[in-house]
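Numbers 304 to 579, taken from this note's numbering, label the letters of the sequence shown in order.
Just so it is clear, CB atoms sit at the ideal spot from N, CA and C, and this is done for glycine as well.
As the structure is a computational prediction, the values presented were derived from the model and not from experiment.
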Amino acid sequence: MSPKVIAIDGPAASGKSSTAAAVATRLAWAHLDSGALYRAVTLAALDNVGDARGRGGGGGGGTASERQPPRGVQERRERGEQGGQGGQGEHGDQGQSGERHPWGPQQIVAIAESLPVRLVLVGAAFRPEVAGVDVGEAIRSERVTRRVSEIAALREVRHWVNVQQREAVLRHAGGVVVDGRDIGTVVFPDAPLKVFLTASPEERARRRLAQRGQAIDPTELKREAAALAARDQADSTRAVAPLRAAADAVRLDTTVLSLAEQVNRVVALARERHLG
Ligand code: CDP
Numbered sequence: 304m305s306p307k308v309i310a311i312d313g314p315a316a317s318g319k320s321s322t323a324a325a326v327a328t329r330l331a332w333a334h335l336d337s338g339a340l341y342r343a344v345t346l347a348a349l350d351n352v353g354d355a356r357g358r359g360g361g362g363g364g365g366t367a368s369e370r371q372p373p374r375g376v377q378e379r380r381e382r383g384e385q386g387g388q389g390g391q392g393e394h395g396d397q398g399q400s401g402e403r404h405p406w407g408p409q410q411i412v413a414i415a416e417s418l419p420v421r422l423v424l425v426g427a428a429f430r431p432e433v434a435g436v437d438v439g440e441a442i443r444s445e446r447v448t449r450r451v452s453e454i455a456a457l458r459e460v461r462h463w464v465n466v467q468q469r470e471a472v473l474r475h476a477g478g479v480v481v482d483g484r485d486i487g488t489v490v491f492p493d494a495p496l497k498v499f500l501t502a503s504p505e506e507r508a509r510r511r512l513a514q515r516g517q518a519i520d521p522t523e524l525k526r527e528a529a530a531l532a533a534r535d536q537a538d539s540t541r542a543v544a545p546l547r548a549a550a551d552a553v554r555l556d557t558t559v560l561s562l563a564e565q566v567n568r569v570v571a572l573a574r575e576r577h578l579g
């Protein structure tokens, strides 16, 4: 049986999350923003492992000892318990993201498991929590945005995030609108409706600045467009679950559409397919 999921994928700042949230409200479904979960894992790694140059997150300072997992994780490891899934990718092919990475993927998954990083249903939205704390704002910081694609390229991290998403959808009695990069291709390939949102790079940069309440001047637009392009490039060219439209996705260019128009289009597609 296909999952009761609408998959909305697309590049950075293409309007996926706002569209997904509004579509979910219209259909009385829940909303799951998978990017928020990758961001929460990144935040947890930054605060608990330190960055790749050895500056610790939570405690400051900066030696290799700070890149040890939190105590609970270390203790469980010493008892030989697995902190999380590792090694096996979504498509079953091994390795590549592994040992050379300055942030050990297994260590990041162990931290996500132990803190824990979790999806919690608040109202009709699955929200990421780290150690029981809502991190909705903290995950939008520049330092998280800068590093999230690096973390999201790790096979073991993707596997862990996918398990969280599938469990959340399975546990939920109703339908879920899930947005991300690989929802229609990898996470829910049997979703009865897949939408791939695009918009011109300039428009996406403009929307992102507006969303942050920043001035929309030519210099800022150029800087933001370059940052988005770099993230798209990283997300599209990674070995594991790269950003791309599923063969059966409906493509929607939203460059000249308002949010209300794009939401209407997706809701219409859902109704055509007897969803919601
Ligand atoms: O909101 P924005 O479009 O800027 O990004 P996001 O949806 O919050 O996703 C942040 C990052 O998480 C992306 O740039 C990807 O690297 C990663 N991501 C992913 O790899 N797969 C997903 N399904 C969702 C996000």
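Nearest residue (CA-CA) to residue i, options the options
i    : options                   : result
D505 : A316, I309, Q565 and P306 : Per the sequence shown, the amino acid found at residue 505 is Glu instead of Asp. The shortest C-alpha separation from E505 is found at A316.
G483 : L562, A434 and S320       : S320
L512 : M304, D312 and G318       : G318
H577 : I454, A494 and R469       : A494
A528 : R509, Q467 and V553       : R509
L340 : A573, Q565 and I442       : I442
G435 : R450, S417 and A548       : S417
V464 : R450, H475, V479 and V490 : V490
Limits of the beta strand (DSSP E) - the one that residue i falls within
i    : result
A310 : V308 to D312
A333 : A333 to D336
L457 : Segment: none, L457 is in no beta strand (DSSP E) and carries neither H nor E.
G483 : V479 to G483
F429 : A428 to V433
L578 : Neither: L578 is in no beta strand (DSSP E) and is coded neither H nor E.
F499 : L496 to T501
Through-space distance from residue j to residue i, alpha-carbon basis
i    : j    : result
T501 : K307 : 24 Å
P314 : A530 : 12 Å
V344 : E440 : 14 Å
P521 : R342 : 28 Å
Q536 : L546 : 9 Å
H334 : I411 : 25 Å
A571 : V472 : 22 Å
A533 : G338 : 16 Å
D350 : L555 : 37 Å
A331 : G579 : 7 Å
V423 : A348 : 19 Å
R507 : Q514 : 10 Å
T557 : A413 : 39 Å
R568 : V498 : 10 Å
V438 : E445 : 14 Å
R419 : P408 : Reading off the sequence shown, one finds Pro at residue 419, where the question assumed Arg. Going by the C-alpha atoms only, they are around 16 Å apart.
A563 : R458 : 36 Å
V425 : A542 : 34 Å
V352 : L346 : 10 Å
E575 : L496 : 10 Å
S561 : S503 : 14 Å
I452 : M304 : The sequence given here places Ser at residue 452; Ile does not occur at that position. Spanning the two alpha carbons is a distance of roughly 32 Å.
E245 : A415 : Here the chain comprises residues numbered 304 to 579, so residue 245 is not present and cannot be evaluated.
Q565 : V559 : 10 Å
Q399 : A456 : Caution applies to Q399, whose pLDDT of 41 falls short of 50 and renders its modelled position unreliable; the value that the coordinates give is listed next. When rounded, the distance between both Cα atoms is 10 Å.
T448 : V553 : 28 Å
I454 : R526 : 23 Å
A518 : R421 : 34 Å
D485 : R329 : 23 Å
P492 : E470 : 15 Å
R450 : E523 : 20 Å
H475 : D538 : 29 Å
W406 : T540 : 20 Å
V479 : G516 : 29 Å
Anticipated Cβ contact below 8 Å, residue i with residue j, distance rounded
i    : j    : result
G584 : A310 : Look at the range of the chain in this structure, 304 to 579, and you will see that residue 584 is not part of it.
A325 : D336 : Actually they are not in contact, since the Cβ atoms of A325 and D336 sit about 13 Å apart, beyond 8 Å.
S544 : R430 : Residue identity differs from the one stated: residue 544 is Ala in this sequence, not Ser. That belief does not hold up - the Cβ atoms of A544 and R430 are roughly 23 Å apart, past 8 Å.
V481 : Q468 : 7 Å
D312 : A548 : 7 Å
A327 : A427 : 6 Å
Residue range of the unbroken alpha helix (DSSP H) whose run includes residue i
i    : result
L560 : Run containing L560: none; DSSP gives neither H nor E here.
L418 : Taken as a continuous stretch (DSSP letters only), L418 belongs to no alpha helix (DSSP H), as it is neither H nor E.
E506 : P504 to Q514
L330 : K319 to L330
P521 : P521 to T540
Residue i: CB within 8 Å of a non-hydrogen atom of the ligand GDP
i    : result
S317 : As presented, the structure is devoid of the ligand GDP, carrying the ligand CDP as its sole ligands.
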